[in-house]
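Sequential numbering of the sequence shown, starting at 1, is according to UniProt numbering. Glycine residues also receive a C-beta, built at the ideal position from the N, C-alpha and C atoms. Source: prediction; values computed, not measured. Below you'll find the structure, written out as structure tokens, and then a few comments.
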Amino acid sequence: MDPENPRNPRRHAGDVAVAHRRAKKRQELEQRRRRLLVASLVFTVIAFTATLNLDLPDPTPMHTSILTGQRWLMELIRGHDGRFKNQLGIAKHVFFRLSFELQTTCGLRSTKNVTADEKLATFLHF
1 MDPENPRNPR RHAGDVAVAH RRAKKRQELE QRRRRLLVAS LVFTVIAFTA TLNLDLPDPT
61 PMHTSILTGQ RWLMELIRGH DGRFKNQLGI AKHVFFRLSF ELQTTCGLRS TKNVTADEKL
121 ATFLHF
């Protein structure tokens, strides 16, 4: 039989074996490519995380005032507008208006030891 004849069984078996070897080699290359991709992703995540941790400054205490109660509130009122808003979440003029409205219409009252403004500030702060 002619080896070039497409009906020759030996030619067909050889083609199948070559195709099988090529497919297996492609599969091995694909698996290697995937392993390299996963390794590079893991390395990138580790490097990024390490970079984030190096860029963090040392923590600085934020709420260090030794004042409490009415003195703390007076410090806020007399201090910077931004700090007041940062601590209570509202601007000074809004705080005073809210305090006035709560005292006149809702019955917010000062007690022997705690002023109405201090009560409102404590509520807003927490």
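**Study point:** Cβ contact check for the stretch 110–120 and the stretch 85–102: 3 or more pairs under 8 Å
**Key:** yes
Exercise for review: Quick one: grab the DSSP three-state call for residue 66.
Suggested key: Taking the first residue of the sequence shown as 1, we reach residue 66 at position 66. Looking at residue 66 - three-state DSSP - the assignment turns out to be coil, as it is neither helix nor strand.
Check your understanding: Does the separation of the CB atoms of residue 125 and residue 88 fall below 8 Å?
Key -> For the purposes of this step, residue 125 is taken as residue 125 along the sequence shown, with counting starting at 1. For the purposes of this step, residue 88 is taken as residue 88 along the sequence shown, with counting starting at 1. Yes, the Cβ-Cβ distance between residue 125 and residue 88 is below 8 Å.
Check your understanding: Does the beta-carbon of residue 52 have 16 or more other beta-carbons within 10 angstroms, so that it is buried, or is it exposed?
Key -> Counting from one through the sequence shown, the residue named residue 52 turns up at place 52. Flag for residue 52 reads exposed.
Review point. Considering only residues of the stretch 42–111, which uninterrupted alpha helix (DSSP H) runs meet the minimum length of 4 residues and lie entirely inside it, listed in chain order?
Key: 69–78, 81–88, 92–105
**Study point:** Under 8 Å between C-beta atoms of residue 115 and residue 70
**Key:** Here residue 115 corresponds to residue number 115 of the sequence shown, with the count starting at 1. Here residue 70 corresponds to residue number 70 of the sequence shown, with the count starting at 1. Cβ atoms of residue 115 and residue 70: closer than 8 Å.
Point to revise | Where residue 84 falls, given that 16 or more other Cβ within 10 Å makes a residue buried | key: To locate residue 84, count along the sequence shown from 1; it is residue 84. Residue 84 should be labelled buried.
Practice item. Please list, in chain order, all residues of the same chain as residue 73 whose beta carbon is under 7 Å from its beta carbon, the five residues on each side excluded. Key: Counted from its first residue, the sequence shown places residue 73 at position 73. Only 117, 118, 121 meet the Cβ criterion.
**Study point:** Straight-line gap, residue 76 to residue 45 (C-alpha atoms, nearest Å)
**Key:** To locate residue 76, count along the sequence shown from 1; it is residue 76. To locate residue 45, count along the sequence shown from 1; it is residue 45. Answer to the nearest angstrom: the Cα atoms are 44 Å apart.
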